[in-house]
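First the structure, in the form of structure tokens, and then the observations on it.
Spelled out as structure tokens, the structure:
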């Protein structure tokens, strides 16, 4: 069952972190002193995919606030992870506001990380014959690639792959 639909699922935090650290040596600071590197990089990436790929469907997945089922199963899950940089924490609400202004759905499911949501949606859409692109720099998504399911990895030096 082939479809003319093209679905893009974006891993928000992976793309936000990538954008933030791409400008780490030359951060973009606005007139109010806010580091807008993550916002600028995320929006540039979003604009590029919208213009170059012209998806029929798109969603941006965020990790939810609070624990996930993995935290409940394993108390030390991500316990060693560093605290989110303050500049990123301040940027996320603004990025969500921008995504809403584009009228793009924000996919956030309590108890499930963005990669779980993307994996579930990509697998189901692929099964239905929809060309599905998981947009993330995270190579772990490679295990989900299959018929109709692809990785679309942003590359800082060459645009998008």
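In this note's numbering, the protein residues as written are 447 to 607.
Ideal Cβ placement from N, Cα and C applies to all residues, glycine included.
None of these values were measured; they are calculated from a predicted model.
If you run the structure through DSSP and keep just helix, strand and coil, what is residue i?
i	result
residue 456	strand
residue 475	strand
residue 506	strand
residue 469	coil
residue 553	strand
residue 595	strand
residue 463	helix
Please classify residue i: is it buried, with 16 or more other beta-carbons within 10 angstroms of its beta-carbon, or exposed?
i	result
residue 476	exposed
residue 548	exposed
residue 479	exposed
residue 592	exposed
Assuming residue i contacts residue j under a Cβ cut-off of 8 angstroms, what Cβ separation, rounded to an integer in Å, is found between them?
i	j	result
residue 485	residue 550	Contact flag wrong, Cβ pair sits at about 15 angstroms.
residue 457	residue 584	6 angstroms
Does any CB atom of chain B fall closer than 8 angstroms to the CB of residue i?
i	result
residue 571	The chain labelled as chain B is not found in the depicted structure, where only one protein chain is given.
Tell me which residues share the same chain as residue i and place their Cβ nearer than 6 angstroms to its Cβ, disregarding the 5 neighbours each side in the sequence.
i	result
residue 577	452, 594
**Segments assigned beta strand (DSSP E), at least 3 residues, entirely inside the stretch 558–589** = 577–581
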